[in-house]
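Asker:
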Amino acid sequence: MKNSGPFFCLLSFCLFIITTTMLLAPLAAEPATQPAWGDQGDGTYRNPILWADFNNPCVFKAGDTFYLTCASHHFMGMPLLASKDLVNWTHAGRIYSRLGGVHADFTLPGKACSAGSQDGEVGFFRGTYYMFNWSTKYRGFVCKAAAPEGPWSEPVSLSEKIVGDFEDPCPFWDDDGKGYLFLLGNPGALRIYRLNDTFDAIVDQGTILIDDIPPKGPQVFKRNGFYYISVASTGKNKDKAQYVYRSKSLYGPYESRKLFHAGKADINAAQGSLVEVSGDRWAFLHHDYNLFATYGRRLYLEPAGWTADGWPWIGVDADGDGIGEPVGLTEPCAKHALPIQPINAADPSDEFEAITLGGQWAWNHDPDDSRWSLTARPGHLRLTARHLNTQGGVSQFGRTKVNYREDHLLFAYNTLVQRLYGAESDIITKLDTTNMIDGQCAGLCTMIDDYTWIGVAKEGGVKRIRFAKGTATSGPGAFTDGPELKQDAIWLKLEHRHYKGTMFYSLDGEHHEPLGDRDYPYRTAWYEGTKVGLFSYNLSSAVEGGHADFDFFHQRHDGPKTTRKE
């Protein structure tokens, strides 16, 4: 049979699904026991592959390894994940841990909320990887490394004199070695800019390439003599879609095709990376755009490839309109023909046994490295408290006033957070309060433009179990005190169920008592999903210091369970 473009690729893909299903059906578990998302353990997966906030994903390949990074805004810093099969991902570190060198506001919790990394892109040129990013408020910056897993250089501000607000940069190097930066107005058209010879400065005022759609998240590459720009179109409800533009000339003119949209699926699907698997077999990884979900924008995997006339295709064109739609939403989908890997949905749990912090973690603004440790008490994360930052700010997105108030968690240094996983998850940690001092609070929290926490507040020599909540603008709300803690150890727990959460404490690790609001409504804000994490701080009326020692942090969710090494 002659290869007839997407029809041939789709037919081959479907045959692979059927064959795999027939071979593996006797081994499949009962539907009720299957993970709600990700690797199903039988050669198939369900979308999303990562039910967590990996928004604005950038996926690239080095050798036989795929790498993923994404936006993290004011949470430090951009994560780096690795995969061999595009479904199972492990933490491989982070691209940077601080942005204070770009602007001092990032050193002050509460000052630079929702700024920082947006939709960045990683490019490779002559032995060096470059990560370009652009904070609309604080402008562009770049990091570089000789290998994807680093070490990466500290972020350096791009030198430029272009006028206006921008976002979503993408680097590109042509065959003659000249470097370019594709950059979106915020809002506005997609423009191409020349870079200098060291790729840390923009040297012209740019040329408009795309203005017939409201573009987002460009990815640029060259293939078989064509320049390709893969770009999403913003839209409300399910209007978001993925387009590809191509031209024989870098500066155009470009022709375009609409490649992928949600179709009948109840998601807003687009914006991500096309990545080569092998030859004409490619994949497309993208997020969904639900700004009302707890978990932010989840990560999806679609089959992709190339037509005979040199256009990419994405997903499955079930209705024959030439536009692909998502797979793996209602029924499992066959994984790509890549080596079988241990199941790992970027496991967020941590025993704190390593001497370096895992890539699942991020700090609220830049960390103070003198006040946290994984070695002071081996097997524990130690957070040493300090006074809150007292300088308020205004969020980059939404222009929300973030007003300093005493006891306001958003202003605490060294609050360590991670993504919430799944529609359902349980988070539990064990806190040792032995070395807490008067005027110190510590515990388990959720955080975005509002917060909740459960933990211990020590006042007048008494340790009291407490639930607290607050918002960026108003600061702390009414708190709920529980009983006095008359021992050193306490277990703290969050039950997250479909956008809502309830917090608990336990004195023995087995029997848990709720405290504070039941079914507190979590959501996405500032373009980030709600985060969960650990904190410790001092009130301004107290002396600084006191240690909070966390023994572990476990997050159990409704997705695939990580395969543990024996």
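Residue 1004 in the working numbering sits at position 120 of the sequence shown; the count goes up by one each step and never skips. Cβ atoms here follow ideal geometry from the backbone N, Cα and C, with glycine treated the same way. These numbers come from a predicted model, not from an experiment.
Grouping DSSP H, G and I as helix and E and B as strand, with all else coil, what is F1144?
Answerer: Here F1144 sits in strand by DSSP.
Asker: Can you tell me where the beta strand (DSSP E) with R1182 in it begins and where it stops?
Answerer: Per DSSP, R1182 belongs to no beta strand (DSSP E) and is neither H nor E.
Asker: Taking DSSP's pairing of strands, which residues face T1274 in a bridge?
Answerer: Bridge partners of T1274: none, in fact.
Asker: Quick one: what does DSSP say A1432 is sitting in, helix, strand or coil?
Answerer: If DSSP states are grouped into helix, strand and coil, A1432 belongs with the strands.
Asker: For H957 versus E1412, is the C-beta spacing smaller than 8 Å?
Answerer: Their beta carbons are under 8 Å apart, which means H957 touches E1412 by this criterion.
Asker: Can you tell which of E1139, N1152, T1012 has its C-alpha closest to the C-alpha of P1035?
Answerer: Considering only alpha carbons, the answer is T1012.
Asker: Just verifying my parser: in three-state terms, what is the DSSP assignment at D1231?
Answerer: If DSSP states are grouped into helix, strand and coil, D1231 belongs with coil.
Asker: Please list, in chain order, all residues of the same chain as I1092 whose beta carbon is under 7 Å from its beta carbon, the five residues on each side excluded.
Answerer: Here the set comprises A1073, R1075.
Asker: Could you give the residue range of the beta strand (DSSP E) that holds T1355?
Answerer: From DSSP, the beta strand (DSSP E) with T1355 extends over 1346-1355.
Asker: Need the endpoints of the beta strand (DSSP E) that A1326 sits in, please.
Answerer: Its beta strand (DSSP E) spans residues 1324-1331.
Asker: Give every residue of the same chain whose Cβ lies closer than 6 Å to the Cβ of V1087, excluding the five residues on either side of it in the sequence, and list them in chain order.
Answerer: R1078, N1080.
Asker: To which residues of the same chain is L1423 closer than 7 Å at the C-beta, ignoring the five residues directly before and after it?
Answerer: The residues are E1290, D1291, G1323.
Asker: Between the stretch 996-1014 and the stretch 1305-1317, can you find at least three pairs of beta-carbon atoms closer than 8 Å?
Answerer: These segments do not touch.
Asker: So for A988, helix, strand or coil by DSSP?
Answerer: Residue state, collapsed to three classes: helix.
Asker: Between Q918, G922, W935, which has its C-alpha nearest Y1383's C-alpha?
Answerer: Among Q918, G922, W935, the Cα nearest to that of Y1383 belongs to W935.
Asker: When DSSP labels each residue in this structure, what does T1012 get in the three-state scheme?
Answerer: Correct three-state label for T1012: strand.
Asker: Whole angstroms is fine: what's the gap from I1332's alpha carbon to Q1302's?
Answerer: Their Cα atoms are separated by approximately 11 Å.
Asker: Between H1380, G1345, E1379, which lies nearest to K846 when the distance is taken from Cα to Cα?
Answerer: Only positions 885 to 1450 of the chain appear in the structure, and residue 846 is not among them; the question remains open.
Asker: In angstroms, rounded to a whole number, what distance separates the CA positions of L907 and W973?
Answerer: With a pLDDT of only 34 at L907, under 50, the local geometry of the prediction cannot be trusted, and the value read off the model is given with reservation. In a straight line, the C-alpha of L907 is about 25 Å away from that of W973.
Asker: How is the beta strand (DSSP E) around M1387 delimited, first residue to last?
Answerer: Counting along the chain, the beta strand (DSSP E) containing M1387 begins and ends at 1384-1390.
Asker: Of the choices D1435, Q1103, D1403, G1277, whose alpha-carbon is the least far from that of S998?
Answerer: S998 has its Cα closest to that of G1277, out of D1435, Q1103, D1403, G1277.
Asker: Hey, quick one: how far does the beta strand (DSSP E) through H975 stretch, first residue to last?
Answerer: H975 -> beta strand (DSSP E) spans 974-978.
Asker: Return the CA-CA distance between W1337 and A1352, expressed in angstroms with no decimal places.
Answerer: Looking at the two C-alpha atoms, the distance is approximately 5 Å.
Asker: With a threshold of 16 other CB atoms inside 10 Å of the CB of K1062, please say whether the residue is buried or exposed.
Answerer: Per the 10 Å Cβ criterion, exposed.
Asker: Spell out a yes or no on whether the stretch 972-989 and the stretch 1231-1250 are touching, meaning 3 or more CB-CB pairs, one atom from each, closer than 8 Å.
Answerer: Judged by Cβ distances under 8 Å, the stretch 972-989 makes contact with the stretch 1231-1250, as three or more pairs qualify.
Asker: When we look at the beta-carbon of P1444 and count the other beta-carbons within 10 Å, is it buried (16 or more) or exposed?
Answerer: Buried, since its Cβ has 16 or more Cβ neighbours within 10 Å.
Asker: For R1402, which of helix, strand or coil comes out of DSSP?
Answerer: Coil at R1402, not helix or strand.
Asker: Taking the CB atoms as reference points, tell me whether S1131 and F1105 lie closer together than 8 Å.
Answerer: The answer is no: Cβ separation not under 8 Å.
Asker: Output needed for F990: all residues of its chain with C-beta closer than 6 Å, excluding positions within five of it in sequence on either side, in chain order.
Answerer: Hits under 6 Å: L983, G984, A996, H1249, D1250.
Asker: Could you give the DSSP three-state label for T1447: helix, strand or coil?
Answerer: It is coil, neither helix nor strand.
Asker: Quick one: grab the DSSP three-state call for F944.
Answerer: In this structure, F944 counts as strand in the three-state DSSP scheme.
Asker: Taking the beta strand (DSSP E) that D1411 falls in, what are its first and last residues?
Answerer: According to the sequence as given, residue 1411 is Tyr; it is not Asp. Neither: Y1411 is in no beta strand (DSSP E) and is coded neither H nor E.
Asker: Just reading off the beta strand (DSSP E) that V1301 is part of, what are its end residues?
Answerer: 1300-1303 is the extent of the beta strand (DSSP E) around V1301.
Asker: Can you tell me where the beta strand (DSSP E) with L1068 in it begins and where it stops?
Answerer: L1068 -> beta strand (DSSP E) spans 1063-1069.
Asker: Apart from the five residues just before and just after D976, which ones in its own chain have a Cβ nearer than 8 Å to its Cβ?
Answerer: Note that residue 976 corresponds to Ala in the displayed sequence, not to Asp. Closer than 8 Å at Cβ, skipping near neighbours: Y951, L964, L965, A966, P1032, E1033, G1243.
Asker: Would you please state the rounded distance, in angstroms, between the beta carbons of L1376 and G1327? I believe it to be under 8 Å.
Answerer: Their Cβ separation, rounded to whole angstroms, is 6 Å, which keeps L1376 and G1327 in contact under 8 Å.
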